[in-house]
Each structure stands twice: as C-alpha cells, then as structure tokens.
Amino acid sequence: MNFAQFHPYVYYATAYPFSKSQTSISRICYASSLYLISEGKGILHTNGRSYEALPGSLFYIPSGQLHDWIADDHSPMVHICCYFDWHYIDRQSVFEFPSIICYNPLQLKPALIGPSFPYPISEYSKVESLRVWIDWFQSFYTSNEFTSEKTFMRNIQIQRNFQGFIEYFLTFALHEDNVPDPRIYKTLEQMEHDILNGCLHPLEVYYHELRISRGYFFEMFKKATGFSPNQYILHFRLSRAKYDLRFSQLSITEIAEKHQFSTVHYFSRIFRKFAGQSPSEFRDSYDSIPIQRSLEIKIEP
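Anchor point for the sequence shown: position 214 equals 214 in the UniProt record's numbering, and the numbering is continuous, going up by one each time.
Quick look at the structure:
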C-alpha cells in the first residue's frame, strides 16, 4: 500500500436535521462519509446490520456501501456529517454537486467510487466529548458546491482544518496495532530540530520528557519509524548529507562537519556502508544530470 497516495479531502460538511419519522431511501455515497449524531434518535441500516443512533454516536460509512436512515417519530436525530475521499477524486465533469449520492444501484458508476482505507475502521463508535467533536466538524463546514476561483482561498482553510480532524479521528478510531502512539511524532519533530541546530540531546532526555521507560520509548520509536533512535538519527544525517553531495559545492570534509560526523573518514566509511558507494562516487554519479538539464533548456525554442 502506497501511503503517499493518501491525502484526505473533504467535499461537503454540514448539519442535517431530520423531520419526525423521516426516512432516507437506500443510498450509496461515492465518497466515504462520517455522521455524528448531535441530538435526537434514529436508526441506521447498512449491510444487513442495524444501529441505534443516539447523541454521541459516530458512524463511518465507506464509499460504495449501501445504507439508509430512519429518524425517531418523537425526537428526530440531527446529523453532523461530512463526505470525503482518502485522496481527491475529480467528479466535477460528471456530477452537479460534490456530495454525490446514488439512490438507484443500477445507475451507480463504479469507476467513480472513492478509495478505501487500508485498515479496518469500525462503522459505529461512541464519543464521549460530544462538544469537542461538534467543534471539529464545524471547523470545516462547506457549501455543497465544487471549489471555484471564488472559494479557493476558503477551501485551503477548510482542508487544513479537515486534515487536523482526520488525524484526530484516526487516532480515536484505529487500533494500536495500526497507528503509533501520537506522542512520538512530537518527539521526532523535536529531535530533527535539535539535529539541524547541532544540539541533539542524549536519548534519555527525550523519553524522560515523555515520562516513559527507555524500553517503551525504543519500542514506540521503532513502531513509528522502522528504526531504532540511533539508526533514525544516522539515516536522517545521511539523507541530509546526500542532498548536499548532489546540490551543493561543499567539499566532502565540509559536509561531514556540517552534519556532525566525527571525522571525514568515519563519514566516508558509514556512507559506503549504507549507500553502497563512497561520497565522491555518489556525487560523481549525479554530475551529468544538471548538465543535461541545462542543455535541454538551451535548445528549447
């Protein structure tokens, strides 16, 4: 699974109050959808399963999944909902509105159904801090129209808020086997900042700040990055050194010093171990690329 392809994008988000006993015709959404019940009651039917919809109920319906709603005849529910894809799908030339819902399966266009998420997400969850979730949804409310020149700047803000919400939702919804402890990302950010500024602390400083043991820190770190902390630090420095070898005029000695390798000999030895060639060989292998690009630019009309 190429996770670089995932960049969640929301098309439509709003609150929808049902009338007493109102029902929705069985329907299929082309995009994935999330529904938070903020008040009232109702029933959700999907894939042969039925759920009671009460305040605090959170429902996730994957794209292309048949479902329908029935509102209570005394206290009808209010949906706070959003329609989104795990990466952007262009349907503007086919449909009038971005919140595309198909009510007749025979008219469904399968090629336009949005992507699925690679890990299982529960159809039903119960949230505790209802006000927090409502505030999240309200931060990216949209009108049901495609982005245009007039709404482009507003859409940037909406997508930024939605990205924050999806991080919050996935941290809540996914099992620990699928998502690392979110605390580690703040630590990674701090470590990278310290490396770049030449003030990397001993590892115990970082796990003491998290108030966790050394063993759990190493376990959490490996789960999030695939490396031990020391391996990660080394790979980070080597990656930055590779960039300078390709795109700067710094000497190999200067690059070794810049990225805090103790000596140029140690830098060359460790670079060969991980890259399969010396720093000078790595640099020489890219020397012809800028020249070729320059020649291409010169001969363009």
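Think of the CB as a built atom: it goes at the ideal place given N, C-alpha and C, for glycine as much as any other residue.
Bear in mind that the values here come from a model prediction, so they are computed numbers and not experimental data.
Leaving aside the five residues that flank Tyr12 on each side, the residues in its chain whose CB is nearer than 6 Å to its CB run, in chain order, Tyr83, Pro98, Ser99, Thr142 and Asn144. With 16 or more neighbouring CB atoms inside 10 Å of its own CB, Ser38 falls in the buried class. When DSSP reads this structure, Gly42 sits in a beta bridge with Ala53 and Ala71.
Going by DSSP, Ser228 is part of no alpha helix (DSSP H) at all; its letter is neither H nor E. Segment contact: the stretch 40 to 60 against the stretch 110 to 125, three or more CB-CB distances shorter than 8 Å; contact assigned. Looking only at Lys186, Ser228, Pro110 and His175, the smallest Cα-Cα distance to Pro120 is reached by His175. According to the DSSP secondary-structure assignment, Asp85 is paired through a beta bridge with Tyr9. In this structure Ala4 is exposed. Its beta-carbon is surrounded by fewer than 16 other beta-carbon atoms within 10 angstroms. Taking 9 Å as the cut-off, the beta carbon of Asp85 is found closer than this to the beta carbon of Ala31. By the CB criterion at 9 Å, Ala241 and Phe221 fall outside the cutoff.
Membership of Ser268 in the alpha helix (DSSP H) is indicated by the continuous run Val264 to Ala275. The criterion of a C-beta distance shorter than 9 Å is not satisfied by His87 and Pro17.
Scanning the stretch 119 to 159 for uninterrupted alpha helix (DSSP H) segments of 4 residues or longer gives 130 to 138, listed from N- to C-terminal end.
By alpha-carbon distance to Arg214, the top candidate from Thr253, Arg272, Pro229 and Ser50 is Pro229. When only Cα atoms are considered, Phe282 and Phe162 end up about 41 Å apart. In the structure shown, Arg211 falls within a coil segment according to DSSP collapsed to helix, strand and coil.
Under the three-pair Cβ rule at 8 Å, the stretch 187 to 206 counts as touching the stretch 233 to 240. For Ile113, there is no enclosing beta strand (DSSP E), as DSSP marks it with neither H nor E.
DSSP places Arg283 inside the alpha helix (DSSP H), whose first and last residues are Pro279 to Asp284. The straight-line gap separating the alpha-carbon atoms of Leu130 and Gly56 is approximately 6 Å.
Excluding five sequence positions before and after Gln249, none of the CB atoms of its chain fall closer than 8 Å to its own CB. Listed in chain order, the non-local C-beta contacts of Glu128 below 8 Å within the same chain comprise Gly56, local neighbours out to five positions each way being set aside.
Within a 10 Å sphere around the beta-carbon of Val10 sit 16 or more other beta-carbons, which makes this residue buried. Non-local beta-carbon contacts of Phe165 in its own chain, meaning distances under 8 Å to residues more than five positions away in sequence, involve Trp136, Phe137, Ser139 and Phe140 in chain order.
According to DSSP, Tyr60 shares a beta bridge with Leu34. In this structure Ile89 touches Leu112 by the C-beta definition: roughly 7 Å separates them, less than 8 Å.
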